[in-house]
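Engineer:
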Amino acid sequence: MLDNVTINQLRAFVAVCDQGSFSDAARKLRRAQSAISHAIKALESAFDVELFERNTRKAQLTAAGQSLLPDARAVLSRTEEMKNRASSIARTGVPQVSVAIDAYFPRARLIDCLRTLQAEFSTAVINLRITTMQGGESLVLEGVCALAVTIANVPEANPDAIERHWLSETEMVTVCAPAHPLASTPKPIPMDEFGRHVQIVVTDNQLGAERTQQGVAGKRQWLVNDLDAKRDLLNAGLGWGHLPRHLVRDDLASGRLVELERRAWHIGSLTFMISQRRGYDLSPSESRLVELLGKPEPVRPLSRPRI
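Dropping the structure here:
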C-alpha cells in the first residue's frame with residue numbers, strides 16, 4: 001500500500017499542518033478543498049492510520065500524525081533537493097573532475113579546495129587519486145585522470161603528449177629523529193656525512209622509478225611509496241630524509257623530529273605543476289580547481305600538545 005503514496009498527498013498533509021485547516025491548505029496549494037480532503041483520505045488509507053482527529057473543528061493531528069509529520073517533511077525536502085539537482089544537471093550537465101594529486105602536495109590545502117569546489121559545483125563527480133613521482137602523469141596518459149598535480153623536477157612521463165603549467169611551491173626541510181646520529185653531528189652537515197646513513201626515499205612502483213629520485217645523498221636508501229610511511233620511519237629513528245615543512249611542523253615543534261642544516265648542498269622549495277594532455281581544454285569546474293590549488297596556503301596554528 002505504501003507504494004501508492006504520492007508527493008502531492010504528502011504536500012497536502014504538510015500544508016494542512018502548517019496552515020491549520022483544510023480550507024487554508026487548499027488556498028495555499030491552489031487546489032480545491034475536496035482535492036485536499038481526498039489526498040488526506042488516500043494517505044490515511046495507504047498508511048492504515050488516521051492522521052487527523054475527526055471530532056475537532058480545527059485540523060488537529062493524531063499521535064500517528066505527529067509521528068509521521070517529520071518524515072513527510074523530510075521526503076518533501078529531499079524531493080526539492082533532487083529537483084534542484086536535476087535542474088542544475090539539465091542546465092550544465094554533470095561536471096567531471098578527475099585529478100591525480102602528488103602525495104607531497106599539502107593535504108590541508110587540498111581538502112579546503114575540494115570543500116570549496118563541492119560547494120560551488122554541487123553536482124560534480126570527483127575522481128581523486130593520490131600518487132607519487134610519475135604516477136599522476138601516467139594516469140593522465142591512460143585517460144583515467146584529466147589533470148595531475150606533479151613535482152616539477154620529476155621527468156615528464158611523455159613530453160610529446162603532456163604539457164605542464166606552474167601551480168605553487170612548498171618548502172622542504174631535512175629531518176631526523178633526535179636520537180639519530182645526525183642529530184648530534186656538528187652543523188652544518190656535509191653531503192658525504194649524510195651519505196653514510198640510511199636515507200628514507202619516496203618512490204613509486206613503476207619500472208625504473210629509482211632513476212627519477214631527487215635530493216638523494218648516497219647509496220644507502222630505504223624506498224617507500226607512501227609519504228606517511230616515510231614520516232613514520234623518520235619518527236622511529238630509522239633514517240633521515242627530506243619532507244615538506246607543512247607535514248612536519250608539529251613534529252618539529254614537539255621535538256619528535258629535528259631539522260638538519262646542510263653544508264654546500266641546496267634543497268630548494270618543491271615546485272608543483274599542473275599536468276594535462278597537450279591541447280586539452282579545461283572545463284569550468286576543472287579550471288576552478290586549478291585556481292583554488294594555486295592559491296597560497298593559509299597559515300595554520302600549530303597543534304597544541306596534549307597534557
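Per UniProt numbering, residue 1 is the first one in the sequence shown, and the count goes up by one each step. Cβ atoms here follow ideal geometry from the backbone N, Cα and C, with glycine treated the same way.
1) Drop a sphere of 10 angstroms on the beta-carbon of ALA217, count the other beta-carbons inside from all chains shown, and report buried for 16 or more, exposed for fewer.
2) Determine, using beta carbons only, whether GLU156 comes closer than 8 angstroms to chain B.
3) Does the ligand FMN have even one heavy atom less than 7 angstroms from the beta-carbon of ALA157?
4) Rounded to a whole number of angstroms, what is the C-alpha to C-alpha distance between THR185 and VAL248?
5) Please classify HIS242: does DSSP put it in a helix, a strand, or coil?
6) Using DSSP's beta-bridge definition, name the partner residues of PHE272.
7) Can you check which of these residues, PRO178, THR170 and LEU233, is closest to VAL201 by C-alpha distance?
8) Which residues mark the beginning and the end of the alpha helix (DSSP H) in which GLN19 is found?
9) Could you have a look at ILE200 and say whether DSSP puts it in helix, strand or coil?
10) For the candidate residues GLN276, GLU261 and PRO284, whose alpha-carbon lies nearest to that of VAL99?
11) Considering LEU128, what are the terminal residues of the beta strand (DSSP E) in which it resides?
12) Does DSSP classify ILE162 as helix, strand or coil?
13) Does the Cβ-Cβ distance between LEU289 and LEU117 come in under 8 angstroms?
Structural biologist: In short, the structure shows the following:
1) Within the sequence shown, residue 217 is the residue found at index 217, counting from 1. The residue in question, ALA217, is buried, as its Cβ has 16 or more Cβ neighbours within 10 Å.
2) Chain labels in this structure do not include chain B; a single protein chain is all it has.
3) In terms of ligand content, the structure shown is empty, and the ligand FMN therefore cannot be addressed.
4) Within the sequence shown, numbered from 1, the residue matching residue 185 stands at position 185. Within the sequence shown, numbered from 1, the residue matching residue 248 stands at position 248. Rounded to whole angstroms, THR185 to VAL248 spans 21 angstroms at the Cα level.
5) For the purposes of this step, residue 242 is taken as residue 242 along the sequence shown, with counting starting at 1. In this structure, HIS242 counts as strand in the three-state DSSP scheme.
6) Taking the first residue of the sequence shown as 1, we reach residue 272 at position 272. Note: PHE272 sits in a beta bridge opposite ILE151 and SER168.
7) As a first step, residue 201 is located in the sequence shown; it is residue number 201 there, counting from the start. It is LEU233.
8) Here residue 19 is taken as the residue at index 19 of the sequence shown, counted from 1. 7-19 is the span of the alpha helix (DSSP H), which, as asked, contains GLN19.
9) Indexing the sequence shown from 1 puts residue 200 at position 200. The DSSP-derived three-state label of ILE200 is strand.
10) Position 99 of the sequence shown, counted from the first residue, corresponds to residue 99. The shortest Cα separation from VAL99 among GLN276, GLU261 and PRO284 belongs to GLN276.
11) Position 128 of the sequence shown, counting from 1, holds the residue named residue 128. For LEU128, the uninterrupted beta strand (DSSP E) segment begins and ends at 125-131.
12) Along the sequence shown, read from residue 1 onward, the residue named residue 162 stands at position 162. Strand.
13) Looking up residue 289 in the sequence shown gives position 289. Looking up residue 117 in the sequence shown gives position 117. With contacts defined as CB atoms closer than 8 angstroms, LEU289 and LEU117 qualify as a contacting pair.
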